[in-house]
Amino acid sequence: MAKVVVIGGGLSGLAAARAVLDEARSRGVAVQVSLLERDAVLGGKIRTSREDGFVCEEGPNGFLDNKPATLALVERLEARPRLLKSEDGARRRYVFTGGALKPLPEDPMSFVLSDILSIRGKLRLAAEMFLPQGTAGVDESVAQFVRRRLGDEALDKLIDPMSAGIYAGDPAVMSLASCFPKVTMLEQQFGGLLKGMLAMQKMAKAAGREGPQSAGPGGVLWSMRSGTAELIDLLAASLPEGTVQAGTAAEELERFGASWRVRTADGRDLDADAVALATPAYDAARLLRGRDERLGELLYAVPYVPAAVVCVGYVAEQLTRPLDGFGFLIPRSEGRRILGSLWSSSIFANRAPSGRVLLTQIVGGARNPELVDLDDGELLQLVRDELSWTLGIRAEPCYTKVVRWARAIPQYVVGHGQRLAEIQQRVGRLGGLFLGGNAYHGISINDCTHHAPILAGQVLDGLQGATQ
Ligand SMILES: Cc1cc2nc3c(=O)[nH]c(=O)nc-3n(C[C@H](O)[C@H](O)[C@H](O)COP(=O)(O)OP(=O)(O)OC[C@H]3O[C@@H](n4cnc5c(N)ncnc54)[C@H](O)[C@@H]3O)c2cc1C
Numbered sequence: 007m008a009k010v011v012v013i014g015g016g017l018s019g020l021a022a023a024r025a026v027l028d029e030a031r032s033r034g035v036a037v038q039v040s041l042l043e044r045d046a047v048l049g050g051k052i053r054t055s056r057e058d059g060f061v062c063e064e065g066p067n068g069f070l071d072n073k074p075a076t077l078a079l080v081e082r083l084e085a086r087p088r089l090l091k092s093e094d095g096a097r098r099r100y101v102f103t104g105g106a107l108k109p110l111p112e113d114p115m116s117f118v119l120s121d122i123l124s125i126r127g128k129l130r131l132a133a134e135m136f137l138p139q140g141t142a143g144v145d146e147s148v149a150q151f152v153r154r155r156l157g158d159e160a161l162d163k164l165i166d167p168m169s170a171g172i173y174a175g176d177p178a179v180m181s182l183a184s185c186f187p188k189v190t191m192l193e194q195q196f197g198g199l200l201k202g203m204l205a206m207q208k209m210a211k212a213a214g215r216e217g218p219q220s221a222g223p224g225g226v227l228w229s230m231r232s233g234t235a236e237l238i239d240l241l242a243a244s245l246p247e248g249t250v251q252a253g254t255a256a257e258e259l260e261r262f263g264a265s266w267r268v269r270t271a272d273g274r275d276l277d278a279d280a281v282a283l284a285t286p287a288y289d290a291a292r293l294l295r296g297r298d299e300r301l302g303e304l305l306y307a308v309p310y311v312p313a314a315v316v317c318v319g320y321v322a323e324q325l326t327r328p329l330d331g332f333g334f335l336i337p338r339s340e341g342r343r344i345l346g347s348l349w350s351s352s353i354f355a356n357r358a359p360s361g362r363v364l365l366t367q368i369v370g371g372a373r374n375p376e377l378v379d380l381d382d383g384e385l386l387q388l389v390r391d392e393l394s395w396t397l398g399i400r401a402e403p404c405y406t407k408v409v410r411w412a413r414a415i416p417q418y419v420v421g422h423g424q425r426l427a428e429i430q431q432r433v434g435r436l437g438g439l440f441l442g443g444n445a446y447h448g449i450s451i452n453d454c455t456h457h458a459p460i461l462a463g464q465v466l467d468g469l470q471g472a473t474q
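Numbering-wise, the sequence shown is residues 7 to 474 according to the numbering used here.
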């Protein structure tokens, strides 16, 4: 029986373990999978804490249905009844600009009427339709692209907050092709963003699919009834007993004949015909630098930004403004110290007890990494000050939770694609070793679940190739 060791028990590793078993079954290959997770608790960045009826997501809040992979995984886990769709009212999203909350336009007409952009800014954005196509194959930053095609104001008021909302990143260094590949595709295939979106809308209509086409994230947010960590619990429970070894770090990877030997921190050796590494890139670097120094350097060079998550609960009637939407993001130019605020209990009503509301703020990211070093009390005060400024909330919170991630989210900066190509080439040369995780092909939950079966296919191809 072939042995596969998966290193990393976050979503990517767990989904990969499950996908390897599924793929092996469908190919009729006998495989034993062992999954090593350094922490005592599985899930990596996915953690849900529950206290006094408040459900605080310490990492992701959910996943969008614009990509099918996570919903499909939940189906495979036979857990459809555990899914939770966000409230309809949460479709409204705000941006805090000019010192006030303004709803983001949801269609062309509301865009024309919206006062987020000045008339000049709107005309500049609309002029995108008539701009010549840029040169293909240039790894532009998000900011360069947006300035070139949509103008400075769209960058400041729309794209900068969106980049912070998804990547906690800085558009000046983020690679457009790696972070928003669909946007690159729209320009290259249709000559421009607006032309591309119109063409896709037309195609969707012809295929009987209605709804506006979005170059951004788009879609409706979903989660699990008990929080995103339920997805982790379901995945772990779906694996055969003995597969998962939590509290067990992989310390060293050694070549052992045609296979691998994984040494654990507690001094055990696991032999493996294939190893799937689903750790953050810097941990993969540590494990692989002894095999290929350059590979270690490349992996270590994937930058990460820190973030603090601050959940606060209030008695609903103490708030003067209704939390009538998803929440808001803030452009850097506003000089605020939170990236935005998610109105968690407006998105999923069961995230706060009756008569209470829950708001989740992200602090730090590429914009203010130093703020993550503040102590809990300081972070809480900072968030309270910012909520007072933006939402007029002066009440005492009845629930608080502060969580810090020193390396929260990998950044796909300009050059990411080239770095990735070199990483893949070098990993390919090692043989029987495969890379997964959110540092390479996408940072969302959907990206992790989409990539897991691809990784599993590579593992199985490798195993079958080795026996032929
Ligand atoms: C604050 C925050 C908010 C987010 N919000 C969203 C959102 O709303 N929607 C969305 O789609 N995505 C969101 N994301 C992104 C998403 O959560 C992550 O991309 C995803 O969870 C990453 O999963 P992963 O398994 O690839 O990596 P990780 O979760 O980092 O897991 C890697 C695991 O590897 C383990 N490990 C490392 N080294 C070793 C070793 N040597 N031996 C054994 N184990 C090891 C680690 O302990 C860890 O558990 C958010 C992320 C953060 C931080």
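Ideal Cβ placement from N, Cα and C applies to all residues, glycine included.
- Taken through DSSP and simplified to helix, strand or coil, residue 7 comes out as coil.
- Shortest gap from the CB of residue 366 to any heavy atom of ligand 1: 7 Å or more.
- Taking C-beta atoms under 8 Å as the contact rule, residue 108 and residue 278 fail to qualify, at a distance of about 54 Å.
- No Cβ-Cβ contact shorter than 8 Å links residue 100 with residue 341.
- The three-state reading of DSSP puts residue 262 in strand, counting E and B together.
- DSSP, reduced to helix, strand and coil, places residue 387 within a helical segment of the structure shown.
- For residue 440, the beta-bridge partners assigned by DSSP are 282.
- 8 Å or more divides the Cβ of residue 148 from the Cβ of residue 167.
- The beta carbon of residue 46 sits no closer than 7 Å to any heavy atom of ligand 1.
- For residue 315, the shortest separation between its Cβ and any heavy atom of ligand 1 lies below 7 Å.
- The beta carbon of residue 339 sits closer than 7 Å to the beta carbons of 162 from its chain, once the five residues preceding and following it are set aside; these are given in chain order.
- Of the heavy atoms belonging to ligand 1, none sits nearer than 7 Å to the Cβ of residue 370.
- For the 8 Å CB-CB criterion, residue 291 and residue 42 do not form a contact.
- Of the candidates 289, 65, 226, 65 places its Cα closest to the Cα of residue 174.
- Separation of residue 362 and residue 405 (C-alpha to C-alpha, rounded to the nearest whole angstrom) is 10 Å.
- Where residue 103 is concerned, the enclosing beta strand (DSSP E) starts and stops at 99-103.
- Under the three-state reduction of DSSP output, residue 317 falls in the strand class.
- For residue 133 and residue 93, the gap between their C-alpha atoms comes out near 35 Å.
- Taking 8 Å as the cut-off, the beta carbon of residue 426 is found no closer than this to the beta carbon of residue 40.
- By the C-beta density criterion, residue 360 is exposed, having fewer than 16 other C-beta atoms within 10 angstroms.
- Cα atoms of residue 25 and residue 118: separation of roughly 46 Å, rounded to the nearest angstrom.
- Looking from the CA of residue 320, the closest CA among 453, 262, 365 belongs to 365.
- Under the three-state reduction of DSSP, residue 233 is assigned to coil, being neither helix nor strand.
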